[in-house]
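A.B. asks: Quick note, the sequence shown lines up with residues 1 to 367 if you use the UniProt record's numbering.
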Amino acid sequence: MKTKEVVVIGAGVVGLTTAITIQEQGGYNVTIVAETWPSDPKTVKYTSFWAGASHGVYRGPDENLRKVRQDTFKVMWELSAPGGPAEACFHRTTEHAFYYDGLGQYADDMPNLKRIPESELRLGAKAGYSFSSYVIDPPVYLNYLLSRFIARGGHIVRGTVQHISQVIEGGTGIWVNGKPSAAPDALVVCNGLGAKTLGGVEDAEVYPNRGQNVIVHAPWVRDAMSLSSPEPTIDTYVFPRRNGDVVLGTVRVPHDWYPVARPETTTQILERCLALCPELAPPEIRAQRAPTIDDLRPLIVEETCGLRPMHVGGIRMEVNWIDGRERESKIPMLLNYGYGPSGYEPSWGSAKAALEMLEGALANVVA
Ligand SMILES: Cc1cc2nc3c(=O)[nH]c(=O)nc-3n(C[C@H](O)[C@H](O)[C@H](O)COP(=O)(O)OP(=O)(O)OC[C@H]3O[C@@H](n4cnc5c(N)ncnc54)[C@H](O)[C@@H]3O)c2cc1C
Ligand SMILES: *[C@@H]1O[C@H](CO)[C@@H](O)[C@H](O)[C@H]1NC(C)=O
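(1) Measure the beta-carbon distance from residue 90 to residue 134 and round it to whole angstroms, keeping in mind my assumption that it falls under 8 Å.
(2) Say yes only if the C-beta of residue 52 is nearer than 6 Å to one or more non-hydrogen atoms of ligand 1, and no if none qualify.
(3) Please list the segments of the alpha helix (DSSP H) lying wholly inside the segment 145-169, counting only runs of 4 or more residues, in order along the chain.
(4) Per DSSP, residue 190 is paired with what?
(5) Measuring alpha carbon to alpha carbon, tell me which residue in 184, 323 and 80 is nearest residue 4.
(6) Using alpha carbons as the reference points, say which of 192, 116, 120 and 111 lies closest to residue 13.
(7) What does a CB cutoff of less than 8 Å around residue 196 pick up in its chain, not counting 5 residues either side in sequence?
(8) Give me, in chain order, the residues of the same chain whose beta-carbon lies closer than 6 Å to that of residue 145; leave out the 5 immediate sequence neighbours on both sides.
(9) Quick check on the DSSP output: what are the complete beta strand (DSSP E) runs of length 3 or more inside the segment 234-297, in order along the chain?
(10) Using a 10 Å radius around the Cβ and a threshold of 16 neighbouring Cβ atoms, would you call residue 243 buried or exposed?
(11) For ligand 2, list every residue whose C-beta falls under 6 Å from any of its heavy atoms, going in chain order.
(12) By the DSSP assignment, the alpha helix (DSSP H) with residue 74 in it spans what residues?
(13) Any heavy atom of ligand 1 closer than 6 Å to the Cβ of residue 158?
(14) Helix, strand or coil for residue 87 per DSSP?
(15) Considering only C-alpha positions, which residue in the set 312, 323, 307 and 269 is nearest to residue 292?
(16) Would you give the residue range spanned by the beta strand (DSSP E) that residue 34 belongs to?
(17) State the DSSP-derived secondary structure class of residue 139, mapped to helix, strand or coil.
(18) Which value, in whole angstroms, describes the spacing of the CA atoms of residue 357 and residue 168?
(19) Output yes or no for whether 7 Å exceeds the beta carbon distance between residue 151 and residue 331.
(20) Output the boundary residues of the beta strand (DSSP E) element that contains residue 300.
(21) Cα-Cα, which of 213, 259 and 229 is closest to residue 238?
(22) Any contact between the segment 48-56 and the segment 128-142? By contact I mean 3 or more CB pairs, one from each, below 8 Å.
(23) Please find out if some non-hydrogen atom of ligand 1 comes closer than 6 Å to the beta-carbon of residue 213.
(24) Expressed to the nearest angstrom, what Euclidean distance is found between the alpha-carbon atoms of residue 23 and residue 365?
(25) Can at least three beta-carbon pairs, one atom from the segment 220-239 and one from the segment 92-108, be found at a separation below 8 Å?
(26) Can you tell me whether residue 47 sits near ligand 1, meaning its C-beta is under 6 Å from at least one heavy atom of the ligand?
(27) Going by DSSP, what residues sit across from residue 212 in a beta bridge?
(28) How about residue 342: is its Cβ closer than 6 Å to a heavy atom in ligand 1?
(29) In its own chain, which residues sit with a C-beta less than 7 Å from the C-beta of residue 171, not counting the 5 before and 5 after it?
(30) Is residue 202 helix, strand or coil when you go by DSSP?
(31) Check whether the Cβ of residue 308 lies closer than 6 Å to any heavy atom of ligand 1, and answer yes or no.
(32) Go ahead and pull the three-state DSSP assignment for residue 317.
(33) Between which two residues does the beta strand (DSSP E) harbouring residue 330 extend?
(34) Kindly indicate which three-state DSSP category residue 347 falls into: helix, strand or coil?
(35) Check residue 322 in the structure and name its three-state DSSP category.
(36) Looking at C-alpha atoms only, which residue of 117, 316 and 355 is the closest neighbour of residue 336?
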């Protein structure tokens with residue numbers, strides 16, 4: 001069987017994980033073309049860089065998503081094992097998750113899941129769980145994904161695709177030396193918020209949901225903590241990374257495109273996180289008096305902002321048939337975007353589903 005040329009557009013967590021999964025199946029020559037890459041200067045256009053990012057309890061009713069998330073957890077649990085292949089990208093930890101509205105009927109299973117006793121519930125929460133999980137360090141993990149892809153023979157091209165027809169007619173070569181290269185047998189579109197404007201896709205149901213976080217250096221905090229809120233725009237969490245930084249979050253504001261941190265939001269996040277987790281303040285201060293957010297400000301490393309790539313109705317994964325390079329030929333274009341607030345948590349399971357969908361489509365192409 002002839003090796004098939006696959007072009008993936010986008011190098012965020014979704015594009016990289018999908019590209020690796022296709023590549024490791026065998027029989028594909030995979031090239032990623034993307035505007036932004038893991039070690040580029042920081043930009044709000046690259047959402048994956050700005051994620052928290054933990055793996056929490058799934059409390060929704062979607063059984064398919066539950067399975068995809070559980071498959072992903074298994075993969076990342078192995079990656080993060082002591083001595084494992086990507087240990088340094090993760091901080092394995094215990095998360096204490098508090099819920100203002102109780103546990104709900106759909107709560108997921110997680111390793112070492114325990115109900116938190118009522119006497120230990122924080123800030124008026126109705127219920128809580130503790131469980132084993134990990135916090136990902138996205139900038140480190142994204143570079144791990146990229147190096148794994150390259151080490152196994154993947155190709156990378158920096159370029160901004162204006163219209164999918166550019167890739168069809170020119171291949172990725174046009175961004176390398178201005179000359180056409182092999183015609184793709186399939187296109188895989190994993191370009192997050194870019195799906196709104198990419199010619200040939202122009203998905204009007206894609207929109208941003210703005211997040212803002214504060215990263216502090218507080219290596220004495222090693223457990224993760226979270227508190228759900230009745231307000232959909234507010235979510236409180238404390239996610240310690242392996243390097244001693246702790247991510248404090250967050251807000252969730254749909255259709256807000258503002259690309260940098262707002263100082264008043266930073267203040268609100270510090271207030272909420274300190275109320276949830278007074279252990280954030282330096283231990284020597286807590287030994288003397290009740291801490292305030294002014295005790296946290298000197299610990300700030302960075303105030304961050306990211307635009308979650310939303311799609312109305314959730315993840316969009318489907319095949320569209322588009323004109324190929326040869327006259328009257330059709331090739332599959334697999335759309336895979338709209339991961340919104342959770343791009344890491346389902347990433348490996350979702351990439352496997354994408355591969356299956358792609359292979360199903362390619363089986364229908366008459367050679
Ligand atoms: C504050 C915050 C906290 C979060 N916390 C979590 C968490 O705890 N757990 C979790 O799972 N998720 C979390 N997320 C969500 C997660 O970050 C996103 O779901 C995920 O990063 C989306 O990845 P992506 O690959 O689809 O998009 P992106 O990372 O934005 O990547 C898009 C890629 O496409 C490229 N591209 C776009 N258009 C074009 C074009 N026309 N031509 C060429 N290239 C193009 C870009 O350059 C880039 O390489 C969080 C997000 C935020 C903002
Ligand atoms: C794979 O694709 C790259 C460009 O994306 C190309 O340079 C290379 O020749 C291709 N390899 C094979 C074996 O077709």
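Just so you know, even glycine gets a beta-carbon here, dropped at the ideal spot from N, CA and C.
C.D. replies: In short:
(1) Reading the sequence shown from its first residue, position 90 is the one you call residue 90. Reading the sequence shown from its first residue, position 134 is the one you call residue 134. The Cβ separation is near 4 Å, so the contact holds.
(2) Position 52 of the sequence shown, counted from the start, is the residue given in the question as residue 52. Yes, the Cβ of residue 52 comes within 6 Å of a heavy atom of ligand 1.
(3) Complete alpha helix (DSSP H) runs here, min 4: none at all.
(4) The count along the sequence shown starts at 1 and reaches residue 190 at position 190. Beta-bridge pairing links residue 190 to no other residue.
(5) Looking up residue 4 in the sequence shown gives position 4. Selected option, being the one with the closest Cα: 184.
(6) Start at 1 with the first residue of the sequence shown, and residue 13 comes out as number 13. Here the closest residue by C-alpha is 192.
(7) The residue given as residue 196 occupies position 196 in the sequence shown. The residues are 202, 203, 204, 206 and 207.
(8) In the sequence shown, counting from the first residue as 1, residue 145 sits at position 145. The residues 16, in chain order, have a CB closer than 6 Å to that of residue 145 in the same chain once the five nearest residues on each side in sequence are set aside.
(9) Whole beta strand (DSSP E) segments, 3+ residues: 234-240 and 245-251.
(10) Here residue 243 refers to the residue found at position 243 of the sequence shown. Counting other Cβ atoms within 10 Å of its Cβ, residue 243 stays below 16 and is therefore classed as exposed.
(11) The filter returns 3, 29, 31, 155, 172 and 181, in chain order.
(12) Here residue 74 is taken as the residue at index 74 of the sequence shown, counted from 1. Looking at the DSSP string, the run of the alpha helix (DSSP H) that includes residue 74 is 63-79.
(13) On the sequence shown, position 158 is the one that residue 158 refers to. Annotation for residue 158 indicates a beta carbon at 6 Å or more from all heavy atoms of ligand 1.
(14) On the sequence shown, residue 87 is found 87 positions in, with the first residue counted as 1. Residue 87 falls in the helix class under three-state DSSP.
(15) Here residue 292 corresponds to residue number 292 of the sequence shown, with the count starting at 1. Comparing Cα-Cα distances from residue 292 to each of 312, 323, 307 and 269, the minimum goes to 269.
(16) Against the sequence shown, residue 34 aligns to sequence position 34. Unbroken beta strand (DSSP E) run through residue 34: 28-34.
(17) For the purposes of this step, residue 139 is taken as residue 139 along the sequence shown, with counting starting at 1. Look at residue 139 here: in three-state DSSP terms it is helix.
(18) As a position in the sequence shown, residue 357 is number 357, starting the count at 1. As a position in the sequence shown, residue 168 is number 168, starting the count at 1. Straight through space, the alpha carbons of residue 168 and residue 357 are spaced by roughly 20 Å.
(19) Position 151 of the sequence shown, counting from 1, holds the residue named residue 151. Position 331 of the sequence shown, counting from 1, holds the residue named residue 331. With contacts defined by Cβ atoms closer than 7 Å, residue 151 and residue 331 do not form a contacting pair.
(20) Numbered from 1 along the sequence shown, position 300 holds the residue referred to as residue 300. Looking at the DSSP string, the run of the beta strand (DSSP E) that includes residue 300 is 300-311.
(21) Counting from 1 along the sequence shown, the entry for residue 238 is found at position 238. Out of 213, 259 and 229, 213 has the C-alpha closest to the C-alpha of residue 238.
(22) With a cut-off of 8 Å on Cβ pairs, the segment 48-56 is in contact with the segment 128-142, counting three or more such pairs.
(23) For the purposes of this step, residue 213 is taken as the residue at position 213 of the sequence shown. For ligand 1, at least one heavy atom lies less than 6 Å from the Cβ of residue 213.
(24) Here residue 23 corresponds to residue number 23 of the sequence shown, with the count starting at 1. Here residue 365 corresponds to residue number 365 of the sequence shown, with the count starting at 1. The C-alpha of residue 23 lies about 19 Å from the C-alpha of residue 365.
(25) Counting C-beta pairs closer than 8 Å gives three or more between the segment 220-239 and the segment 92-108, which meets the contact rule.
(26) Here residue 47 refers to the residue found at position 47 of the sequence shown. Yes, since a heavy atom of ligand 1 falls inside the 6 Å radius drawn around the Cβ of residue 47.
(27) Counting from one through the sequence shown, the residue named residue 212 turns up at place 212. Note: residue 212 sits in a beta bridge opposite 305.
(28) The residue labelled residue 342 in the question sits at position 342 within the sequence shown. In this structure, residue 342 has its CB closer than 6 Å to one or more heavy atoms of ligand 1.
(29) By one-based count along the sequence shown, residue 171 stands at place 171. Excluding residues within five positions, the ones whose Cβ falls inside 7 Å are 180, 181, 182, 183 and 184.
(30) The residue you call residue 202 lines up with position 202 of the sequence shown. Here residue 202 carries a coil assignment [DSSP, helix/strand/coil].
(31) By 1-based counting over the sequence shown, the position of residue 308 is 308. Relative to ligand 1, the beta carbon of residue 308 is positioned inside 6 Å of a heavy atom.
(32) As a position in the sequence shown, residue 317 is number 317, starting the count at 1. Residue 317 falls in the strand class under three-state DSSP.
(33) Here residue 330 refers to the residue found at position 330 of the sequence shown. Looking at the DSSP string, the run of the beta strand (DSSP E) that includes residue 330 is 330-337.
(34) Walking along the sequence shown from the start, residue 347 turns up at place 347. Looking at residue 347 - three-state DSSP - the assignment turns out to be helix.
(35) Indexing the sequence shown from 1 puts residue 322 at position 322. Taken through DSSP and simplified to helix, strand or coil, residue 322 comes out as strand.
(36) Taking the first residue of the sequence shown as 1, we reach residue 336 at position 336. When each option's Cα is compared against that of residue 336, the closest is 316.
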